[in-house]
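Residue numbers (this note's numbering): 63 to 251.
Here's the structure we're looking at; comments come further down.
Shown next as structure tokens:
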């Protein structure tokens, strides 16, 4: 779960800032969906500001509606320092050993199309048809319950890719997991 939370917080532009109207509280600034992911990570002690210090963003492939995903690329060299959340999540123990890491978030079907491996508890396994079915069924189950579902994948990198070539960046991904968020209808609906 640490990779899912950290990747979700880092793969976007939402931030948390102190909420003057609520003692000790914070509010998300930016896209509400990205804000929900930043809040979820912070509730587990993985604050975006701390994560950015240890995994600074060095590149991005912006979201497009055709691909239904976005990717951020981070320098992972400083992750060797202990990066623990309050729940004991230590990213240094779980992230693959590579100088860079890409996090990709988006529609689950879009991520499955470019993932050839899956994160299973504490290791990477090949993605097979059984995994694809299991992930698709979980996605459908969350969506049927009225949730907005976003998936997250990662890719360890040994070199910084050219982000102008999204197909070269968004390939051979490791599917990490998905988050379901309550997405109530807007008042005008």
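Backbone N, C-alpha and C fix where the C-beta goes; we use that ideal spot for every residue, glycine too.
Practice prompt. Determine the burial state of residue 87: buried for a count of at least 16 other Cβ atoms within 10 Å of its Cβ, exposed for fewer.
Written response: exposed
Worksheet item: Going by beta carbon distance, what residues of the same chain come within less than 7 Å of residue 243, once the five residues before and after it are set aside?
Response: 95, 98, 209, 210
Worksheet item: What is the DSSP secondary structure of residue 183, reduced to helix, strand or coil?
Response: coil
Worksheet item: For residue 234, which option in 196, 200, 221, 189 has the closest C-alpha, if you only look at C-alpha atoms?
Response: 189
Fill in: With 16 other Cβ atoms within 10 Å as the buried cut-off, status of residue 69
buried
Worksheet item: Do the CB positions of residue 108 and residue 238 come within less than 7 Å of each other?
Response: no
Worksheet item: Applying the criterion that 16 or more other CB atoms from any shown protein chain within 10 Å of the CB defines a buried residue, is residue 83 buried or exposed?
Response: exposed
Fill in: Boundaries (first-last residue) of the alpha helix (DSSP H) holding residue 94
94-105
Practice prompt. With DSSP as the reference, please indicate the residues paired to residue 122 in a beta bridge.
Written response: 134
Practice prompt. Starting from the C-beta of residue 80, find all residues in its chain whose C-beta is less than 7 Å away, skip the five residues before and the five after it, and write them out in chain order.
Written response: 88
Discussion item. Assuming residue 108 is part of the alpha helix (DSSP H), what are its boundary residues?
Written reply: Taken as a continuous stretch (DSSP letters only), residue 108 belongs to no alpha helix (DSSP H), as it is neither H nor E.
Discussion item. Contact defined as beta carbons within less than 8 Å: I believe residue 73 pairs with residue 167. What is the distance between those atoms, to the nearest angstrom?
Written reply: 4 Å
Worksheet item: From 76, 104, 102, pick the residue whose C-alpha is nearest to that of residue 91; which is it?
Response: 76
Discussion item. Going by DSSP, what residue range makes up the alpha helix (DSSP H) through residue 70?
Written reply: 64-72
Worksheet item: Which two residues bound the contiguous alpha helix (DSSP H) that contains residue 160?
Response: Counting along the chain, residue 160 falls outside any alpha helix (DSSP H), and DSSP gives it neither H nor E.
Item to complete: Report all residues from its chain with a CB closer than 6 Å to the CB of residue 204; omit the five preceding and five following residues, and keep chain order.
Response: 211, 242
Worksheet item: Buried or exposed: where does residue 100 fall if 16 or more other Cβ atoms within 10 Å of its Cβ makes it buried?
Response: buried
Worksheet item: In this structure, does DSSP put residue 191 in helix, strand or coil?
Response: helix
Fill in: Three-way DSSP call (helix, strand, coil) for residue 229 in this model
helix
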